[in-house]
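Reading through the structure tokens given below for one structure.
In UniProt numbering, the protein residues as written are 1 to 534.
Next comes the structure, spelled out in structure tokens:
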């Protein structure tokens, strides 16, 4: 028996499923008739290590694989669940049973029939072991398929964020017939020549140059996609990326593809449109991971000293050029249950030095109290400049920083395996703290070898208790109290150095229409994207 709220959700979902076209097309283009044909060219930087989202969830993998694979749900700009591979869903009155009704006549790109067995297999055998989804699955008692078009999740206890956990980043459905094999998932040959259900099929990957996707002629959504394909061009150099967008050889840039210092000028070009929409679900935060398993990072005073020793306002104003605001703690200010009433860390080198003195870290003859390494985020010029500036800042308090550059694969491997002192990171919040925030701080999510888990190895039973209680609380009021207390404790403990809440934009050639239609932005399927004539 469904609750009245569940019935309303189901009715709304059925309505959305019946009118996806009108929902997906923004009002600014509602009067225009979408045109078929053309290939969208987009920047890809850096090149992802794999296209299997269950193996790697870096931004580049999500950007490309989000067109090939699909998840059960997507999300509107106001973060309401919308149909994906699930056309509708029911929620039991006790909030313990979620029944998803799948889209009919869905095929994998190799012609095999998609069914509920693929969903059950993906969640129980694959996603349950990934850093994001293992937290979700720890609340799940059973996933079953009563028939080919129905999937049932039975929970151990109510989990308030449950319907926020089915985006493409943490919920890409894989084909059982290709992955239910003896080969370890990381070595499966389909990882880099993927077979999905999405509107675009993988064609080729020329390493260091481009990834080419082509139209899925048998896509389940009638009349979609409009495009003949999407080509992602790998362009490592920031100046070359800007010129390519200006000259029209690429038509799409997102996140940090264009350096923040260049964005205001590029956005004013007559051939370019800019939108800040499409990041509502991600709400990315920039921070510095600290290896709490090593000295002196295991001492809270050292971590606090680093926070006082970094001029985060300068980073936001002079390096990010307004594409972010100074972070106050573990939750992005655009994310649910944010609380600004926490301890503040203004730039205060004297306070930082006092804490280091209290620890007994005295300067040597060269004024150095400690020497530590920093792995920058391998995503363009801005992170490198940020790393250099942090090095200058910390030198003033006697902390010598060695910058250790690496590529995306090396960065994820070293941080994921705890082979680092400090590692820069940009982390998505995923609409709800139970999905995108708690994973970084829960003691139960300390798992060596898994990037985007609790790689700082922070372990506080009280914080665990608060996060777990907030995830199951029945009302938003209860959840806010619990998350507020968790934020206050975390900001006192400083398990990571929170730098900035980002405010990114997507830049598009004016020929591109409906590239951003959900809170997932250009990571979503882009089945509604179309190109007007030149």
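Where a beta carbon is used, it is the ideal one built from N, C-alpha and C, also for glycine.
These figures come from a predicted structure and were not determined experimentally.
Residue i to residue j span [Cα, whole Å]
i           : j           : result
residue 475 : residue 453 : 27 angstroms
residue 76  : residue 82  : 7 angstroms
residue 252 : residue 512 : 8 angstroms
residue 417 : residue 447 : 9 angstroms
residue 465 : residue 443 : 10 angstroms
residue 296 : residue 114 : 52 angstroms
residue 316 : residue 254 : 18 angstroms
residue 89  : residue 150 : 9 angstroms
residue 433 : residue 121 : 26 angstroms
residue 521 : residue 281 : 9 angstroms
residue 138 : residue 78  : 27 angstroms
residue 519 : residue 445 : 27 angstroms
residue 85  : residue 220 : 9 angstroms
residue 477 : residue 158 : 16 angstroms
residue 55  : residue 130 : 8 angstroms
residue 111 : residue 407 : 36 angstroms
residue 382 : residue 262 : 11 angstroms
residue 182 : residue 472 : 36 angstroms
residue 320 : residue 117 : 45 angstroms
residue 323 : residue 340 : 20 angstroms
residue 526 : residue 327 : 31 angstroms
residue 28  : residue 277 : Note that residue 28 scores a pLDDT of 43, beneath 50, so its modelled location is shaky; the value from the coordinates is reported in the next line. Taking the straight line joining both Cα atoms gives about 13 angstroms.
Within 8 angstroms, strictly: CB atoms of residue i and residue j
i           : j           : result
residue 336 : residue 356 : no
residue 490 : residue 469 : no
residue 152 : residue 99  : yes
residue 529 : residue 226 : yes
residue 266 : residue 242 : yes
residue 196 : residue 71  : no
residue 531 : residue 35  : yes
residue 200 : residue 215 : yes
residue 379 : residue 426 : yes
residue 303 : residue 359 : no
residue 286 : residue 502 : yes
residue 279 : residue 504 : yes
Cutoff 6 angstroms; reference residue i; Cβ partners in own chain excluding five residues on either side
i           : result
residue 387 : 374, 376, 403
residue 283 : 332, 334, 335, 429
residue 275 : 506, 516
residue 612 : The structure shown does not extend to residue 612, since the chain is modelled only from 1 to 534, so the question has no answer here.
residue 533 : none
residue 431 : 79, 164, 281
residue 436 : 428, 429, 430
residue 540 : Outside the shown range of the chain, which is 1 to 534, sits residue 540, and nothing can be said about it.
residue 24  : With a pLDDT of 38 at residue 24, under the threshold of 50, the modelled position of that residue is not reliable, and the figure given next carries that caveat. 517, 528.
residue 457 : 292, 293, 446
Top-ranked residue by Cα proximity to residue i, from the options
i           : options            : result
residue 58  : 318, 169, 208, 148 : 169
residue 343 : 451, 275, 367, 498 : 498
residue 494 : 400, 292, 415      : 292
residue 46  : 54, 61, 32, 52     : 61
residue 423 : 480, 496, 230      : 496
residue 305 : 407, 394, 238, 219 : 394
residue 204 : 180, 95, 230       : 230
residue 95  : 154, 145, 312      : 154
residue 405 : 384, 396, 390, 389 : 384
residue 244 : 401, 41, 127, 193  : 41
residue 101 : 462, 217, 193, 145 : 145
residue 91  : 314, 161, 189, 108 : 161
residue 69  : 97, 108, 104       : 108
Proximal residues to residue i (C-beta, below 7 angstroms), its chain only, five neighbours per side dropped
i           : result
residue 271 : 248, 509, 510
residue 351 : 308
residue 257 : 43, 45, 241
residue 30  : Bear in mind that a pLDDT of 46 at residue 30, under 50, signals an unreliable position, so the number given afterwards is only what the model happens to contain. Excluding residues within five positions, none has a Cβ falling inside 7 angstroms.
residue 455 : 289, 415, 416, 418
Buried or exposed by the 16-neighbour rule on C-beta atoms within 10 Å, applied to residue i
i           : result
residue 523 : buried
residue 412 : buried
residue 207 : exposed
residue 392 : exposed
residue 119 : buried
residue 187 : exposed
residue 237 : exposed
residue 167 : buried
residue 132 : buried
residue 67  : buried
residue 87  : buried
residue 500 : buried
is_contact[residue i, chain B] using C-beta, thresh 8 angstroms
i           : result
residue 117 : Among the chains of the structure shown, chain B does not appear; only one protein chain is present.
Spatial neighbours of residue i in its chain, beta-carbon cut-off 8 angstroms, leaving aside the 5 residues before and after
i           : result
residue 44  : 60, 63, 64, 210, 211, 232, 233, 234, 235
residue 398 : 353, 356, 361, 363, 367, 368, 369, 370
residue 259 : 238, 242, 380, 381, 382
residue 480 : 337, 339
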